[in-house]
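Going line by line, the protein sequences match chains A and B. Here the first sequence is numbered in our numbering, starting from 123 and rising by one per residue. Here the second sequence is numbered in our numbering, starting from 1351 and rising by one per residue. One structure is given here, and the rest of the page talks about it.
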Amino acid sequence: MDRKTVIQVKNLVARYGDDIILDRISFDVYEGEIFAVLGGSGSGKSTLLKNLLGLHRPASGKIFIDGDDISECDEDALQQILRKVGVLYQSAALFGSMTVAENVALPILEYTDLSRESVDHLVKMKLNLVNLDGYQNHLPSEISGGMKKRAGLARAMALNPKILFFDEPSAGLDPVTSAELDKLIIHLNQSLGTTMVIITHELESIFAVASRVIMLHKSTRGIIADGDPKYLRDQSRNPFVKQFFNRLPADNT
Amino acid sequence: MSNSQDLQSCRYEISNGDDGAKTLHIQGRMDAATAAETIAGIKSILQPPLPTALTVDLEKVTYLDDFGALVLVELKKLMIAQKSRLHIKNADQRVKEILSILKYDESGAPATIVRKPTPNRFIRLGEGVFAQVADLNFIFSFIGSVCLSLIHVILHPRSLRLDDTFLSMKKVGVDALPIVGLISFLLGLIMAFMSSVQLQQFGANIYVASLVSLAMVRELGPIMTAIIVAGRSGSAFAAEIGTMKISDEIDALFTMGFDPTRFLVVPKIVASVITVPILTLFSDLFAIMGGLVVGVFMLDLTTNAYMAQTLKTLTLFDVFWGFLKAAVFALLIAGIGCLRGFQVRGGAAAVGQATTSAVVSSIFLIILTDAVFAVILRYWG
């Protein structure tokens, strides 16, 4: 495949103190794809995300975001690289003291020269895009969990980043809302060509959106499977992969 | 071609058509990086009189996102304000799709974000009164619930959460000892020094000991200790309970069958009421030591004479009166700290407000209660 690589991870080792969480993992994410990172609890999904965002520096190995190495760059360079990235956090992480519209407008006002009026209009369009029109003046504490997720997505997309990260997007959402979010993700991926990296363990969501997945497991502290999720579900011989995709309990025999 | 301007990656030029109509050719990327400049640039070359109709040719646009759509929306608004129209031509499938998702066709009306209108002052006054009444209501029910819980704990001493109480005692008392000691020592030093300037003129150096000990034991010891505890622990109580409240931990306690007041508030109140009087005792001792240092090194008093004068001045009643005050202050600090915590609604900012409010109202009530104590003592003693 000669598609452009936007994220490249090479021999990444992540550890907290003496605990090695991820041991020499490598993978590539190509431009415009929806890439999912799967794994059970404690498999290092969140640690991987922290490393990809430069919040936690790798013990060794390299991470390239759009060609720039974030494993060794300084704070200023990291900030520059992170401008290409948007993140939807698990709890949406909206700022509680600001209204939904102010949350979305914050990065736009900071990083573009648009007039206040234009920004208002843009925020309205963004909120329209995530079906939150009419909730501009609500505080995050006044809207539901699904709405918070969507508002968080609108904020993550405020500057139309090249790459969007989702940390457990469907956690805590009902199936309908969750399916709507999946639809929104596919929609945005197709219309804006944004590369998406989704950290999740929601099976339905994986089959609905992901074109390629990697699966982490704590026993090997690394990747135990990668490829098309439907292929993995039907063809994989790895017992854990089978259990995961078919929702079977672990057999402790 | 009437004008052209070079931007990093988005270029545009205007060509004249028939009947004053104009065509705007845009090429390149219409994204977040170019939107602001493009809007300003196009507005500057579209000087009045505006064309009767403007056609935007998007044939050479390589990329368009909602920032690009914003450029079109701004142009449309400009044209609508002049009662003329804007057409888009040669948009490719992708651009059309993005514009349709963004509901471009419905835009252009001046409807941007409508800010919440501020209600008139009568409505605000009414809302304020209702909020105050609800607040007062909450305070009374909180006081009631604390009283009931305390009675319950007195009747069933085993229901007191001992581990939590000891932990609170350590945090409120032991951990505060260094700062209480240091501040009181310095306070004693300052009092002795300032009073000696006056008393020396009358050769009444020995009364420095009386002044320091009496002022400290009766008034300043309990007040200083209470203010330090309010700043250290009252705020901590409010922040802890407030954070628990916004992360649903209080609800969790309740659904698990615990009474949040008994679980969280009673240990803190019991711990504070026990430790603050002890802290006050230390505060008194350190202040007397501060006074002693000044007395011995500056006023040529002997340690014996200073201590004898101190003991002559103080009665046991003064000491216990100070303890009583300290215990009441402790009750106020812990109660208000917890109350402000339970009042938290919303997010992180509300926790900050609760913390501030806990300290401010504790200090106010400490001073007020102290005044009440002074009046009681005046008429009773």
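Heads up, the beta-carbon is just placed ideally off N, CA and C, and yes, glycines get one too.
Asked: CB of Ser1583/B within 8 Å of CB of Ile1683/B, strictly; Found: yes
Asked: Any 3 or more C-beta pairs closer than 8 Å across the segment 1585-1592 of chain B and the segment 1700-1711 of chain B; Found: yes
Asked: Sequence-distant residues of the same chain with beta carbon closer than 8 Å to Val1623/B, five excluded per side; Found: Ala1677, Ala1680, Leu1681, Ala1684
Asked: Val1725/B burial status per 10 Å Cβ neighbour count (16 or more: buried); Found: exposed
Asked: Other residues of its chain near Val1567/B: CB distance less than 7 Å, five sequence neighbours each side excluded; Found: Asp1634, Leu1664, Asp1668, Val1669, Gly1672
Asked: Residues that Tyr138/A bridges to, as DSSP identifies them; Found: Asp141/A
Asked: Positions along the segment 232-253 of chain A whose CB lies within less than 7 Å of some CB in chain B; Found: Thr234, Asp235, Leu236, Glu239, Ser240, Asp242, His243, Leu244, Val245, Lys246, Met247, Lys248, Asn250, Leu251
Asked: Short-range partners of chain B found in the segment 186-217 of chain A, where Cβ spacing is below 9 Å; Found: Leu216, Phe217
Asked: Reduced DSSP category for Phe1608/B - H, G, I as helix; E, B as strand; rest coil; Found: coil
Asked: Beta-carbon contacts of Arg272/A that lie in its chain and below 8 Å, excluding the five residues immediately before and after; Found: Val252, Asn253, Leu254, Leu303, Leu306
Asked: Every unbroken beta strand (DSSP E) inside the segment 282-353 of chain A [3 residues or more]; Found: 285-289, 317-321, 334-339, 344-349
Asked: Against chain A: residues of the segment 1703-1728 of chain B by CB proximity under 8 Å; Found: none
Asked: Alpha carbon of Asp1485/B to alpha carbon of Gln1693/B, nearest angstrom; Found: 8 Å
Asked: Contact set for Ala276/A: own chain, Cβ-Cβ below 6 Å, skip 5 residues either direction; Found: Val226, Lys248, Leu249, Val252
Asked: Whole-number beta carbon distance between Val1503/B and Leu1510/B, since they are thought to touch under 8 Å; Found: 5 Å
Asked: Boundaries of the alpha helix (DSSP H) in which Thr1660/B is found, first to last residue; Found: 1653-1663
Asked: Residue of Val135/A, Ser263/A, Val159/A, Gly315/A minimising C-alpha distance to Arg1695/B; Found: Ser263/A
Asked: C-beta neighbour in chain B for Asn282/A, strict 8 Å; Found: yes
Asked: Where Phe157/A falls, given that 16 or more other Cβ within 10 Å makes a residue buried; Found: buried
Asked: Straight-line Cα distance separating Phe1492/B from Ser213/A; Found: 31 Å
Asked: DSSP-derived helix/strand/coil call for Val1384/B; Found: Note on identity: in this sequence residue 1384/B is Thr, with Val being the wrong assignment. Reduced to three states, the DSSP call for Thr1384/B is helix.
Asked: Proximity of Ala1554/B and Thr1660/B at Cβ, strictly below 8 Å; Found: no
Asked: Exposure of Gly1494/B, with buried meaning 16 or more beta-carbon neighbours within 10 Å; Found: exposed
Asked: The alpha helix (DSSP H) enclosing Val1483/B, as first and last residue numbers; Found: 1471-1505
Asked: The segment 1427-1449 of chain B: positions lying closer than 9 Å to chain A by Cβ; Found: Lys1427, Arg1444, Glu1447, Ile1448
Asked: Proximity test, Ser148/A beta-carbon vs the ligand SAH heavy atom, cut-off 7 Å; Found: Ligands displayed in this structure: none; no statement on the ligand SAH is therefore possible.
Asked: Own chain, CB closer than 6 Å to Asn88/A, minus 5 neighbours either side, in chain order; Found: Missing from the structure shown is residue 88/A; chain A here goes from 123 to 375 and no further.
Asked: Near-chain A residues of the segment 1370-1393 of chain B (beta-carbon distance less than 9 Å), N- to C-terminal order; Found: Asp1381, Ala1382, Ala1383, Ala1385, Ala1386, Glu1387, Ile1389, Ala1390
Asked: Those runs of the beta strand (DSSP E) which lie wholly inside the segment 1395-1432 of chain B and span at least 3 residues; Found: 1403-1414
Asked: Val158/A - partner residues in DSSP beta bridges; Found: The sequence given here places Ala at residue 158/A; Val does not occur at that position. In the DSSP output, where bridge partners are listed per residue, Ala158/A has Ile320/A, Val335/A.
Asked: Ile1717/B, buried or exposed, once every other Cβ within 10 Å from all chains shown has been counted against 16; Found: exposed
Asked: Continuous alpha helix (DSSP H) stretch holding His1437/B: start and end; Found: Taken as a continuous stretch (DSSP letters only), His1437/B belongs to no alpha helix (DSSP H), being part of the beta strand (DSSP E) at 1435-1439.
Asked: Counterpart residues of Phe186/A in DSSP-defined beta bridges; Found: Gln130/A, Asp191/A
Asked: Of the listed residues His243/A, Val222/A, Ser266/A, nearest to Gln258/A (C-alpha basis); Found: Val222/A
Asked: Coarse secondary structure for Leu1694/B, derived from DSSP in three states; Found: For the record, residue 1694/B in the displayed sequence is Val; it is not Leu. Of the three classes helix, strand and coil, the one that applies to Val1694/B here is coil, per DSSP.
Asked: Closer than 8 Å to chain A by CB, Ala1423/B; Found: Checking the displayed sequence, the identity of residue 1423/B turns out to be Val instead of Ala. It does: the Cβ of Val1423/B has a partner Cβ on chain A nearer than 8 Å.
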